[in-house]
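Numbering (the UniProt record's numbering), first residue to last: 1 to 285.
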């Protein structure tokens, strides 16, 4: 365990006190210290095991910043969804055509989204059962920030179709369902500034996405703009983004390019660069 400055000072003072304890008390003192160490270790590991701590943001090194202000987004607030983007987030085809990819890429220039949204997150109503009832069912509650030009139902279909694809985490024994009530994960599409708040204490600078506790936060900036190394293949980038951040929620960390010319692992930070690898959207391509 690495101690901070204050903890190290207390640790040193404690060490000096232990040095003065008579020999007949040494065994009892060491036993007490061991018990305290076990409690501390449990306290550190429990949040990790229960999904209560934040993962590193998708493309950035985590940096500590102050906790979100009291005015952080109200996730329970509901507001009417916008409906002017049916052409934007159409349900993904398993093998999207070149024409579909070109259409999605061309739509980027016509899409407008706020840098700072209202902060009001609307849960997409309705649900969908997991396609495989004998698998480990992981339920998502999908939310879209109120003033984004995204159709929530179509966005939800895209997410569920991606995750239940045979190339996704289904190979690990998962099957994904959607609920507008209690769920294992809240998957949120938010504006750059709102996503920055939701990712705290991680720093995303409003540019990337993250997994924070039980929340998977997708930045609409990336959803619309994609990433350089994916070129015009916006559909593949969105599949990658969903698989990557949900992968963090399932316990996967970042990895690097295994060899030149190989498909990039889905847990590689492909938004910034695929390095010597080729872009890839899937855990099991």
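Cβ atoms here follow ideal geometry from the backbone N, Cα and C, with glycine treated the same way. The model shown is predicted, which means the values in this text are computed figures rather than measured ones.
Note down the Cα distance separating residue 234 from residue 257, rounded to an integer number of angstroms. Here residue 234 is taken as the residue at index 234 of the chain shown, counted from 1. Here residue 257 is taken as the residue at index 257 of the chain shown, counted from 1. Approximately 21 Å, taken between the alpha carbons.
Kindly indicate the opening and closing residues of the beta strand (DSSP E) around residue 146. Here residue 146 refers to the residue found at position 146 when the chain shown is read from its first residue. That residue, residue 146, is in no beta strand (DSSP E); it is neither H nor E in DSSP.
3-residue-minimum beta strand (DSSP E) runs that sit fully inside the region 209 to 241, ordered along the chain: 210 to 212, 215 to 219
How big is the Cα-Cα spacing for residue 266 and residue 200? Residue numbering aside, residue 266 sits at position 266 when the chain shown is read from its first letter. Residue numbering aside, residue 200 sits at position 200 when the chain shown is read from its first letter. For residue 266 and residue 200, the distance between alpha carbons rounds to 24 Å.
Which same chain residues end up closer than 7 Å to residue 128 when comparing Cβ atoms and leaving out the 5 residues on each side of it in sequence? On the chain shown, position 128 is the one that residue 128 refers to. If we look at residue 128 and ignore the five residues flanking it on each side, its Cβ neighbours are 160, 177, 178.
Buried versus exposed call for residue 247 [16 or more other C-beta atoms within 10 Å across all chains shown]: Looking up residue 247 in the chain shown gives position 247. Answer is buried; the Cβ neighbour count reaches 16.
Could you name the residues that DSSP lists as bridge partners for residue 281? Looking up residue 281 in the chain shown gives position 281. Its beta-bridge partners do not exist; DSSP assigns none.
From what residue to what residue does the alpha helix (DSSP H) around residue 194 run? Position 194 of the chain shown, counting from 1, holds the residue named residue 194. Note, residue 194: alpha helix (DSSP H), 192 to 199.
What residue range does the beta strand (DSSP E) around residue 121 cover? The residue labelled residue 121 in the question sits at position 121 within the chain shown. Residue 121 -> beta strand (DSSP E) spans 121 to 123.
Other residues of its chain near residue 276: CB distance less than 6 Å, five sequence neighbours each side excluded: Working through the chain shown from its first residue, we reach residue 276 at position 276. Same-chain partners within the cutoff: 257, 260.
Considering only their Cβ atoms, is the gap separating residue 189 from residue 218 smaller than 7 Å? Translated into the one-based positions of the chain shown, residue 218 becomes position 218. Translated into the one-based positions of the chain shown, residue 189 becomes position 189. A contact, by the Cβ cut-off of 7 Å.
Coil, strand or helix - residue 109 by DSSP: What you label residue 109 is simply residue 109 of the chain shown in a count that begins at 1. Bear in mind that the predicted position of residue 109 carries a pLDDT of just 43, short of 50, making it unreliable; the figure below should be weighed with that in mind. Note: residue 109 maps to coil in three-state DSSP.
Going straight from the alpha carbon of residue 216 to that of residue 147, what length do you get? Counting from 1 along the chain shown, the entry for residue 216 is found at position 216. Counting from 1 along the chain shown, the entry for residue 147 is found at position 147. So the two alpha carbons sit approximately 19 Å from each other.
Measuring alpha carbon to alpha carbon, tell me which of 114, 142, 171, 202 ends up nearest residue 157. Your numbering for residue 157 matches position 157 in the chain shown. The candidate whose alpha carbon is nearest that of residue 157 is 142.
State yes or no: is the C-beta of residue 126 within less than 7 Å of the C-beta of residue 145? In the chain shown, residue 126 corresponds to position 126, counting from 1. In the chain shown, residue 145 corresponds to position 145, counting from 1. Not closer than 7 Å, so no.
In its own chain, which residues sit with a C-beta less than 6 Å from the C-beta of residue 245, not counting the 5 before and 5 after it? Walking along the chain shown from the start, residue 245 turns up at place 245. A distance below 6 Å between beta-carbons, with the five flanking residues on each side excluded, links residue 245 to the following residues of its chain, in chain order: 209, 211, 216.
Just how far apart, CA to CA, sit residue 138 and residue 175? Residue numbering aside, residue 138 sits at position 138 when the chain shown is read from its first letter. Residue numbering aside, residue 175 sits at position 175 when the chain shown is read from its first letter. Distance between the alpha carbons of residue 138 and residue 175 is about 6 Å.
Separation of residue 149 from residue 252, as counted between CA atoms: Counted from its first residue, the chain shown places residue 252 at position 252. Counted from its first residue, the chain shown places residue 149 at position 149. Going by the C-alpha atoms only, they are around 31 Å apart.
Please report the straight-line C-alpha distance between residue 171 and residue 214, rounded to a whole angstrom. Within the chain shown, numbered from 1, the residue matching residue 171 stands at position 171. Within the chain shown, numbered from 1, the residue matching residue 214 stands at position 214. Those two C-alpha atoms are separated by around 22 Å.
For residue 250, which of helix, strand or coil comes out of DSSP? Working through the chain shown from its first residue, we reach residue 250 at position 250. The answer is coil: DSSP assigns residue 250 none of H, G, I, E or B.
Please classify residue 151: is it buried, with 16 or more other beta-carbons within 10 angstroms of its beta-carbon, or exposed? Looking up residue 151 in the chain shown gives position 151. Flag for residue 151 reads buried.
Please report the Cβ distance between residue 249 and residue 185, rounded to the nearest whole angstrom; I am assuming they are in contact, meaning their Cβ atoms lie under 8 Å. Along the chain shown, one-based indexing puts residue 249 at 249. Along the chain shown, one-based indexing puts residue 185 at 185. Right, the Cβ-Cβ distance comes to about 5 Å (below 8 Å), so this counts as a contact.
For residue 167 versus residue 284, is the C-beta spacing smaller than 7 Å? Within the chain shown, residue 167 is the residue found at index 167, counting from 1. Within the chain shown, residue 284 is the residue found at index 284, counting from 1. It is a contact, given that the beta carbons lie within the stated cut-off.
Coil, strand or helix - residue 289 by DSSP: As displayed, the chain neither begins before 1 nor continues past 285, which places residue 289 out of reach and without an answer.
Beta-carbon separation of residue 242 and residue 113 under 7 Å? By one-based count along the chain shown, residue 242 stands at place 242. By one-based count along the chain shown, residue 113 stands at place 113. Cβ atoms of residue 242 and residue 113: not closer than 7 Å.
Flag this pair as yes or no: are the beta carbons of residue 274 and residue 228 separated by less than 7 Å? On the chain shown, residue 274 is found 274 positions in, with the first residue counted as 1. On the chain shown, residue 228 is found 228 positions in, with the first residue counted as 1. For residue 274 and residue 228, no; Cβs fall outside 7 Å.
So is residue 269 buried or exposed if we call it buried at 16+ other beta carbons inside 10 Å? Here residue 269 refers to the residue found at position 269 when the chain shown is read from its first residue. Counting Cβ neighbours within 10 Å, residue 269 comes out buried, since at least 16 surround it.
What does the alpha-carbon distance come out to for the pair residue 232 and residue 121? Residue 232 sits at position 232 when you count from the first residue of the chain shown. Residue 121 sits at position 121 when you count from the first residue of the chain shown. Their backbone Cα atoms lie some 29 Å apart in a straight line.
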